[in-house]
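Report on the structure given below.
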Amino acid sequence: MKMTARASVIRAVMLILVLGLFGSSGLAQTPKKGSSLKNIELCNGSDRVSPEARIDACTAFIDAAEGSANGFAVAHNNRGNARSAKADYGGAIKDFLEATRLNPNYAKAFNNLGVAYLRTGSHDLALGAFQQALKLNPDYATAFANRAAAYLKRNAYDRAAQDYDEAIRLDPKLEAAWSGRCWARAVLGALQAAMEDCDMVLRSGAGNAATYDSRALIYLKMGQLSAAVDDYNAALRYAPKLASALYGRGVARFKLGDTDGGNSDISAAIRIEAGIAEDFVRYGVPQRD
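Under the working numbering, residues 346 to 634 are what the sequence shown spells out, in order.
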């Protein structure tokens, strides 16, 4: 499957979202025959247990077959989260699907299913899962932010920005939504509004490769080339092989007169992502004016 130049940055944003999904509904704290209280606690993720321990505990609870359908739905959702933490997205999808089968009203499991689909490149399935999560819970800020990330994958920047607007309205502290909206607005050309979004995230101390890369694009489109280079350098400290940051820095260096440095960055970016020049044209930044 072809990955876009921005794919690695979107993965960084999604990582924030996935981590935010781990607080799931707990299993009932009454142990059944064959299901120890310890397994219940570990499956619920108490005391920051490792993904492996959580998977084992949830599996023990499920295999004991002593519980309600809703309890098993929660156990499958929790195990799916643990499998996602291990990048076992195929296994996670199976668990989330079973959770939604056992409890068709389980908005969190649909949201988590969407994240797992998105991680595997199944964008249409991801959008459908997020849509169902939002149908069940129209005030689900994280699902709006995740659906926005799916729209970014499809280069539907207007729709992404709208979903980020809604996510921020519902949960102003959802920093991943501010960072994502910064990128969408930067591509759309709403540069001052985009700058405000990125600055808000960076002031909070939650800076990451995605946010610095987004603000660098804003500076690049504004013609503030030295500031763009500084932010691309910051992004590359987080993600040294981030193609969009290498390419953007190369364009900025080239325009600043550093032909050798610019060409070196651009060549390195193209080796990572062959179609990156076309992506930057779509972003409104040709290599040479």
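Glycine included, each C-beta is placed from N, C-alpha and C at the ideal position.
Here the structure is a predicted model, which is why all the values come from computation and not from measurement.
At a cut-off of 3 residues, not a single continuous stretch assigned as beta strand (DSSP E) sits fully inside the segment 487-563. Runs of the alpha helix (DSSP H) lying entirely within the segment 562-614 and spanning at least 4 residues, in chain order: 570-583, 588-600. Around G595, the same chain offers G607, D610, I611 as residues with beta carbons nearer than 6 Å, after the five sequence neighbours per side are excluded.
With respect to the 8 Å criterion, Y509 and A531 are not classified as neighbours on the basis of their beta carbons. When C-alpha distances from N491 are compared across K480, A471, G435, the shortest belongs to A471.
Per DSSP, G416 is one residue of the alpha helix (DSSP H) stretching across 414-430. For D603 and A561, the gap between their C-alpha atoms comes out near 18 Å. CA-CA distance, F406 to E443, rounds to 15 Å. When H421, V626, L447 are compared, the shortest CA-CA separation from C388 is found for H421. In this model, G525 and A494 are separated by some 7 Å (Cα to Cα). Between the alpha carbons of Y592 and G534 lies a gap of roughly 19 Å. Of all alpha-carbon atoms in R514, E397, S571, the one lying nearest the alpha-carbon of A430 is that of E397. In the three-state scheme derived from DSSP, where H, G and I count as helix and E and B as strand, T465 is classed as coil. When secondary structure is reduced to three states using DSSP, D484 falls in the coil class, being assigned neither helix nor strand. Per DSSP, P449 lies in no alpha helix (DSSP H) and is assigned neither H nor E. Straight-line spacing of the CA atoms in R514 and A538 works out to 16 Å. Taking a cut-off of 8 Å for Cβ pairs, the segment 449-456 and the segment 467-481 touch, as three or more such pairs fall below it.
DSSP places N384 in the uninterrupted alpha helix (DSSP H) bounded by 382-388.
Beyond the five residues adjoining it in sequence on each side, A506 comes within less than 7 Å, by CB distance, of R526, A529, R530, L533 in the same chain, given in chain order. In the DSSP assignment, R399 falls within the unbroken alpha helix (DSSP H) covering 396-409. Annotation for G629: V532, G534, K566 place their beta carbon closer than 8 Å to its own, counting only its chain and skipping 5 residues before and after. For D433, no alpha helix (DSSP H) encloses it, and the DSSP letter there is neither H nor E. Of L463, A488, R464, S467, the smallest CA-CA separation from Y451 is found for A488.
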